[in-house]
Amino acid sequence: MEQLICQGCGAEIQTSEESEVGYAPPSSLNKEIVLCKRCFRLKHYNEIQDVNISDDDFLQMVSSIRDTDGLIVHLIDIFDVDGTLLKSLPRITGANPILLVGNKLDLLPKSTNVNKLKNWLQREASQLGIKVKDIAFISSKKGTGIDSLKQLIETYRGKKDVFIVGTTNVGKSTFINKLIEQSTGEANAITTSYFPGTTLGFIEIPLDERNVLVDTPGIVNKQQMAHYVSDKDLKTITPNKEIKARVYQLQDQQTLFIGGLARLDFLKGEKQSFVCYFSNELSIHRTKLEKADALYEDHLGALLSPPDSESVNNLPEFVGKTFKLNDEKTDIVFPGLGWISVQGKGATVQAHTWKGISITVRKSLI
Ligand code: GDP
1 MEQLICQGCG AEIQTSEESE VGYAPPSSLN KEIVLCKRCF RLKHYNEIQD VNISDDDFLQ
61 MVSSIRDTDG LIVHLIDIFD VDGTLLKSLP RITGANPILL VGNKLDLLPK STNVNKLKNW
121 LQREASQLGI KVKDIAFISS KKGTGIDSLK QLIETYRGKK DVFIVGTTNV GKSTFINKLI
181 EQSTGEANAI TTSYFPGTTL GFIEIPLDER NVLVDTPGIV NKQQMAHYVS DKDLKTITPN
241 KEIKARVYQL QDQQTLFIGG LARLDFLKGE KQSFVCYFSN ELSIHRTKLE KADALYEDHL
301 GALLSPPDSE SVNNLPEFVG KTFKLNDEKT DIVFPGLGWI SVQGKGATVQ AHTWKGISIT
361 VRKSLI
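In structure tokens form, the structure reads like this:
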């Protein structure tokens, strides 16, 4: 019997285990477009279901790329570089050339300096031992940068296949949909959603008579902010339009809470502005440092939300990291959430978020 493939996520269709990847009820198999139950629900009800698949399975599936000859296009979310830049990439890709592509460019303020962004990414990648041929920025949603990326891909792929690799939720499906839409005019060929963990299996799209573009399974990075919060909260923290800067003039010994997901204490330094770049829906609270612990204890999940009252109990420990800034304008980056830009002026700050999520600093992008 010919193996049926889900037209949404690429998983092999099976009709025996309802909670596993690729399940479809037998009655749905003779439809023209076969979807697994998960993709069907997502498509028609905009609702995600959990499927049992282990991280090891994901890695094993993707690792098969190492043994083939192709161009790797590594898609990341420029809003969550630490959570989406794959530390295992050199292991996965072997000797294949890599193009690093930062998606969701539309979310950054127009004043962002893309060259600085590129330099920062270059550094982040090389720190992980990832050698990239080139870096490009796109918005899969808006279509920005897709044409130049297509040219870059043509330049580097020679006659090889192209593998699109990324963690879940970076916008891989949206990107490939855009490519399909541009080549065939058919919208929504692949499932897209807000929720991490959606894309399973490989999907092959012909590039020419001999070569294909391959959508690989989205790798789950458990340390991504997206995995700590509820679906509702994920909608709040994921920006859906250009981010507006919110400016706070802070004295030392003042604290900013980003919902209840992150916190910045201004420990020492001259009064200065703290410019916050987060989803416009995410509320920010200012308080005195001496009151911050009590506020967090008493109001997490309510005044300080997200997390909502449902997620509060599943969250790991909140931990702080201290940075002494020099006189240069610096961004304190909270992966998956956004960043706070500080003038510097010798300030000492302490930044807090969940254990496992790594807060970093970079030269300001704006
Ligand atoms: P995948 O898991 O990598 O396949 O990611 P999806 O394509 O399902 O996208 C994940 C989420 O990011 C969805 O809510 C998309 O609408 C959103 N998204 C994808 N690309 C972009 C983009 O370029 N800009 C913005 N603002 N959102 C995007």
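At position 332 of the sequence shown the residue is numbered 332 (the UniProt record's numbering), and the sequence of numbers has no breaks.
Ideal Cβ placement from N, Cα and C applies to all residues, glycine included.
Suppose the cutoff is 6 angstroms on Cβ atoms and the five residues either side in sequence are ignored; what does the same chain contact list for residue i look like?
| i | result |
| --- | --- |
| GLN253 | LEU289 |
| residue 379 | Past the boundaries of the shown model lies residue 379; the chain is included only from 1 to 366, so the question cannot be answered. |
| SER279 | ILE237 and PRO239 |
| ALA292 | THR255 |
Let me make sure I understand the geometry here. Which of the options has the alpha-carbon closest to that of residue i?
| i | options | result |
| --- | --- | --- |
| ASP80 | VAL132, ARG41 and GLY171 | GLY171 |
| GLY158 | ASN240, LEU71, SER139 and VAL132 | LEU71 |
| THR93 | LEU337, SER64, TYR248 and ALA294 | SER64 |
| ILE78 | ARG362, GLY336 and LYS363 | GLY336 |
| LEU86 | ASP331, GLY143, SER364 and GLU124 | GLU124 |
| GLY83 | GLY269, LYS232, LEU179 and ASN169 | ASN169 |
| ASP215 | GLN224, LYS178, ALA245 and GLU18 | LYS178 |
| THR348 | ASN211, SER358, ALA292 and ASP327 | ASP327 |
| ILE340 | ILE135, ASN115, SER358 and ILE258 | ILE258 |
| SER126 | PRO26, THR174, LEU365 and SER88 | SER88 |
| GLN343 | ILE366, LYS142 and SER305 | ILE366 |
| SER305 | GLN251, SER283 and LEU295 | SER283 |
| GLY145 | ASN103, LEU325, THR15 and ALA95 | ASN103 |
| TYR296 | LYS329, HIS352 and LEU250 | HIS352 |
In the DSSP assignment, find the unbroken beta strand (DSSP E) run with residue i in it and report its ends.
| i | result |
| --- | --- |
| LYS271 | From DSSP, LYS271 is part of no beta strand (DSSP E); its letter is neither H nor E. |
| VAL247 | 246–250 |
| ALA136 | 134–137 |
| ILE65 | Note, ILE65: premise wrong, no beta strand (DSSP E); not H, not E. |
| ILE98 | 98–103 |
Do you know offhand how far residue i's Cα is from residue j's?
| i | j | result |
| --- | --- | --- |
| TYR156 | VAL101 | 14 angstroms |
| GLY129 | TRP120 | 14 angstroms |
| VAL333 | LEU264 | 11 angstroms |
| ASN221 | PHE266 | 30 angstroms |
| GLN151 | VAL319 | 44 angstroms |
| LEU234 | LEU213 | 30 angstroms |
| ASP67 | VAL165 | 15 angstroms |
| GLU310 | LEU303 | 14 angstroms |
| LYS133 | LYS118 | 13 angstroms |
| ASN240 | LYS321 | 29 angstroms |
| GLN182 | LEU105 | 19 angstroms |
| THR199 | LYS31 | Note that THR199 has pLDDT 46, beneath the 50 cutoff, so the model's placement of it is unreliable and the number below is only indicative. Roughly 21 angstroms separates the two Cα atoms. |
| ILE219 | ILE76 | 12 angstroms |
| CYS276 | CYS36 | 41 angstroms |
| LYS244 | ASP331 | 15 angstroms |
| SER273 | ASN113 | 20 angstroms |
| THR255 | LEU261 | 13 angstroms |
| GLU17 | ASP147 | 42 angstroms |
| SER358 | ARG210 | 42 angstroms |
| LYS142 | GLY338 | 20 angstroms |
| HIS285 | ARG91 | 42 angstroms |
| ALA226 | SER139 | 20 angstroms |
| LYS131 | SER173 | 25 angstroms |
| LEU250 | THR287 | 10 angstroms |
| ALA136 | LEU149 | 7 angstroms |
| PRO109 | LYS363 | 16 angstroms |
Along the alpha helix (DSSP H) that carries residue i, what are the first and last residues, could you check?
| i | result |
| --- | --- |
| GLY81 | It is Val, not Gly, that sits at residue 81 in the sequence shown. Its alpha helix (DSSP H) spans residues 81–84. |
| VAL229 | Unbroken run through VAL229: none, as it is neither H nor E. |
| SER148 | 146–157 |
| THR93 | 89–93 |
| ALA294 | 289–299 |
| VAL114 | 114–127 |
Given residue i, which residues of its chain have a CB within under 8 angstroms of its CB, disregarding the five upstream and five downstream residues?
| i | result |
| --- | --- |
| VAL34 | LEU4, ILE5, CYS6, GLN7, ILE13, ALA24 and SER28 |
| PRO316 | TYR228, TRP354, LYS355 and GLY356 |
| CYS39 | CYS6, GLN7, GLY8, CYS9 and THR191 |
| ILE153 | LEU71, VAL73, LEU99 and VAL162 |
| GLN350 | LEU264, ASP265, LEU267, GLY320, LYS321, THR322 and PHE323 |
| GLY301 | GLY260, PRO307, ASP308, SER309, SER311 and VAL312 |
| ASN52 | For ASN52, the pLDDT reaches just 49, beneath the cut-off of 50, and the residue's location in the model is therefore unreliable, leaving the point undetermined. |
| VAL247 | SER273, PHE274, VAL275 and CYS276 |
| THR15 | TYR23, ALA24, PRO25, PRO26 and LEU29 |
Give the DSSP bridge partners of residue i, in chain order.
| i | result |
| --- | --- |
| GLU12 | ILE5 |
| ASP331 | SER341 and ARG362 |
| THR255 | ASP265 and THR287 |
| PHE40 | DSSP output for PHE40 lists no bridge partner at all. |
| GLN350 | ASP265 and THR322 |
| THR167 | ILE219 |
| GLY70 | ASP161 |
| ASP77 | ASN103 |
| GLU317 | Beta-bridge pairing links GLU317 to no other residue. |
| GLU32 | Its beta-bridge partners do not exist; DSSP assigns none. |
| LEU304 | LEU300 |
Beta-carbon within less than 7 angstroms of residue i's beta-carbon, same chain only, minus the 5 sequence neighbours each way: which residues are those?
| i | result |
| --- | --- |
| ALA189 | Note that ALA189 has pLDDT 49, beneath the 50 cutoff, so the model's placement of it is unreliable and the number below is only indicative. Here the set comprises ASN177 and ILE180. |
| GLU2 | none |
| GLY269 | ASP252, LYS345, GLY346, ALA347 and THR348 |
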